[in-house]
Amino acid sequence: MSNKNFPGDVVTDILARLPIKSLLRFRCVCKPWCSTINDTKFIHMHLNIRRTAASIEGYVIYKPLDTGSYCKHIFSRCDGNFAERETVQLPLKCASGKPFNVVGSCNGLLCLTDSVYPNFGCTIYVWNPFIGKFKAINNSCVPRLLFNRDCSNVVLGFGFDAQNIDYKVVRVLNFTDLPLPDVEVYNLSTDSWRRIEADVPCVTWTKPLSSTFFNGASHWIVFRDGYGRFIASFDFHNEVFGEIMLPNRFKENDQELTLGVFKDSLGMIVFPDEREQFALRFVWVMKEYGISDSWVNLFTIGPLEKIGRPLGFGWDNEVLFRDYEEKLFSYCHDTRGSRHIGMRSILDAFTYVESLVLVNEGHNVSEQAKPFSGVTYKGVSIFLNKEEEEEECCELWSNKQNELHELRSFFY
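Once you know that position 304 of the sequence shown is 304 in UniProt numbering, the rest is easy, because the numbers rise by one and skip nothing.
1) Would you decide whether VAL88 is buried or exposed? Buried here means 16 or more other CB atoms lie within 10 Å of its CB.
2) Is the separation between the beta-carbon of VAL103 and that of LEU112 shorter than 8 Å?
3) Once DSSP output is grouped into helix, strand and coil, what is the label at GLY8?
4) Use the C-beta contact count for SER233: other C-beta atoms within 10 angstroms, 16 or more gives buried, fewer gives exposed.
5) Helix, strand or coil, according to DSSP, for VAL60 in the structure here?
6) Please classify HIS340 as buried or exposed, where buried requires at least 16 neighbouring CB atoms within 10 angstroms.
7) Contact defined as beta carbons within less than 8 Å: I believe ILE43 pairs with LEU15. What is the distance between those atoms, to the nearest angstrom?
8) Compute the Euclidean distance between the alpha carbons of ARG344 and VAL29, then round it to the nearest angstrom.
9) How long is the line joining the alpha carbons of LEU92 and CYS78, rounded to whole angstroms?
10) State the Cα-Cα distance for the pair LEU18 and LYS251, rounded to the nearest angstrom.
11) Would you grab the beta carbon distance between ARG322 and GLY308 for me? Rounded to a whole angstrom, and I think it's under 8 Å.
12) For VAL10, I'd like the list of residues in its chain whose CB is within less than 6 Å of its CB, leaving aside the five on either flank, ordered along the chain.
13) Buried or exposed, going by whether 16 or more other CB atoms sit within 10 Å of the CB of GLU197?
14) Please list the segments of the alpha helix (DSSP H) lying wholly inside the stretch 138 to 185, counting only runs of 4 or more residues, in order along the chain.
15) My understanding is that LEU266 touches VAL285, with C-beta atoms under 8 Å, so please give their C-beta distance in whole angstroms.
16) Check HIS237 in the structure and name its three-state DSSP category.
17) Around the Cβ of ALA349, are there at least 16 other Cβ atoms within 10 angstroms (buried) or fewer (exposed)?
18) Hey, which unbroken runs of the beta strand (DSSP E) at 3 residues or more fall wholly within the stretch 185 to 211?
19) For the structure I just gave you, are there three or more beta carbon pairs, one from the stretch 131 to 140 and one from the stretch 352 to 364, closer than 8 Å?
20) Apart from the five residues just before and just after ASP166, which ones in its own chain have a Cβ nearer than 7 Å to its Cβ?
21) In three-state DSSP terms, what is ARG336?
22) With a 10 Å radius around its C-beta and 16 neighbouring C-beta atoms as the bar for buried, classify ALA162 as buried or exposed.
23) Indicate the three-state DSSP secondary structure (helix, strand or coil) for ARG281 in the structure shown.
24) Considering only the alpha carbon of each residue, which of ALA217, GLY80, PRO99, LYS41 lies closest to THR67?
25) Let me check one thing: in DSSP terms, what residues is HIS73 bridge-paired to?
26) How is ASP254 classed by DSSP in three states: helix, strand or coil?
27) If you compare alpha carbons, which of TYR125, ASN317, CYS151 is closest to TYR331?
28) Would you say ILE221 and LEU280 are within 8 Å of each other, going by their C-beta atoms?
29) When you compare each of ASN238, ILE231, PHE282 to LYS168 by their alpha carbons, which one comes out closest?
30) Rounded to a whole number of angstroms, what is the C-alpha to C-alpha distance between VAL240 and GLU84?
31) Under a three-way DSSP split, which group does LYS287 fall into?
32) Bridge partners for TRP127 per DSSP, in chain order?
33) Take ASP199 and list the residues in its own chain whose beta-carbon comes closer than 8 Å to its own, dropping the five residues that flank it on each side.
34) Does the separation of the CB atoms of ASN174 and SER152 fall below 8 Å?
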């Protein structure tokens, strides 16, 4: 049976329903398949089709190891039940020698930056933990950021522009000698920064290097003198800042707030003080995005002993915490049950979905890891070496017609 017997849209539809590891191998079958799988629109279509499959959901657990002179960036990739599938040391270094700060996560990507020195032209990384590829984002379109040290504050956000199928980073730069900040946006599609005109809220950013992506925008908790706390947002399509009001009881700074996404709604975890071992934690969600009156207290957690700092929301209506022993702790709203996951030395945890984003860009972690010592992988390797690729390619080419026939009969 010849490949030309299948219309192009049929082949594309079949490929879009296949697991990522299969698609990574099938790029060797022929140039049309490789071109299709690497195409940005196909990658987005594949993500949307596969998003409903529970098997593509997982967690990335950050367990940095401070050696004294530098920090080893250890990440564990787990399935939806926290079973470890792979552990990897990212061969990347922060200028400060400290752990990375995770700016945000979106569609299977994590955005990382230096937690101590995010300015002065510091490199930002976008990483796909499932396929093991990362993109280094250097430079800036604000020259003085690269040469001067008068930048008093940097704000970062990471997200996805669905209309243009493009991933973006927004950076707000506050200089000590200027009344207004500079704002620049990085586009993954063009691999470049550009300056934009935007009305930035005059506020204090409580966690300027961490944002929550939801509904096409990044979100931060901010504080304005004379008013109190609220949520600042940045729309990645229209490239404008916005404001979302919090319930009046949270305008003051007497309780900590952690933003996240819970059940397809913007949510937050409220906790009085991390040092209070038996304090209650409250989960609030915004039922109608952007409508301040739609905030509701969905449920209360506790009192539970040594529950620690909230990390965010997980899959299956779970809330994730780092307990007092730096172990991962999970509370499930559906079952009202809690459990210690068992992982130690946890700094942060994030949900992710399997995606092909970056498959045709950036660098393989395994390739960059060669000059570094102590880099280990557990489980099945995602990428094949050159000899394996050649052998696999020959085998796939010889069996291509049979595979197409079987795939078509399976889906149709």
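Using N, Cα and C, we set each Cβ at its ideal position, and we do this for glycine too. Remember, it's a predicted structure, so these values are computed and weren't measured experimentally.
Quick answer:
1) The residue in question, VAL88, is buried, as its Cβ has 16 or more Cβ neighbours within 10 Å.
2) For the 8 Å CB-CB criterion, VAL103 and LEU112 form a contact.
3) Residue state, collapsed to three classes: helix.
4) The residue in question, SER233, is buried, as its Cβ has 16 or more Cβ neighbours within 10 Å.
5) Here VAL60 sits in strand by DSSP.
6) Exposed.
7) Contact doesn't hold; Cβ gap of about 11 Å is too wide.
8) Whole-angstrom Cα-Cα distance: 43 Å.
9) The C-alpha of LEU92 lies about 21 Å from the C-alpha of CYS78.
10) A straight line joining the alpha-carbon of LEU18 with that of LYS251 spans about 47 Å.
11) That belief holds up - the Cβ atoms of ARG322 and GLY308 are roughly 5 Å apart, short of 8 Å.
12) Excluding sequence neighbours, VAL10 sits near nothing in its chain.
13) By the beta-carbon neighbour count (other beta carbons within 10 angstroms, threshold 16), GLU197 is exposed.
14) Look at the stretch 138 to 185 and you find these whole runs of alpha helix (DSSP H), each 4 residues long or longer: 143 to 147.
15) Going by Cβ atoms, the distance from LEU266 to VAL285 rounds to 7 Å, so yes, they are a contact pair.
16) Shown here, HIS237 sits in coil according to DSSP, grouped into three states, outside any helix or strand.
17) In this structure ALA349 is buried. Its beta-carbon is surrounded by 16 or more other beta-carbon atoms within 10 angstroms.
18) Fully enclosed beta strand (DSSP E) runs of 3 or longer: 192 to 196.
19) Because the criterion of three Cβ pairs below 8 Å is met, the stretch 131 to 140 and the stretch 352 to 364 touch.
20) Closer than 7 Å at Cβ, skipping near neighbours: ASN187, LEU188, SER189.
21) Three-state result, ARG336: coil.
22) Counting of Cβ neighbours within 10 angstroms places ALA162 among the exposed residues, the total staying below 16.
23) Collapsing the DSSP output to three states places ARG281 in a strand.
24) Check the Cα spacing between THR67 and each of ALA217, GLY80, PRO99, LYS41: the tightest is with PRO99.
25) DSSP lists LEU90 as the bridge partner or partners of HIS73.
26) In the three-state reduction of the DSSP assignment, ASP254 falls in the coil class.
27) Ranking the options by Cα distance to TYR331, first place goes to ASN317.
28) Not a contact, by the Cβ cut-off of 8 Å.
29) Selected option, being the one with the closest Cα: ASN238.
30) Distance between the alpha carbons of VAL240 and GLU84: 39 Å.
31) In this structure, LYS287 counts as coil in the three-state DSSP scheme.
32) Beta-bridge pairing links TRP127 to LEU110, PHE134.
33) Around ASP199: VAL240, PHE241.
34) Closer than 8 Å, so yes.
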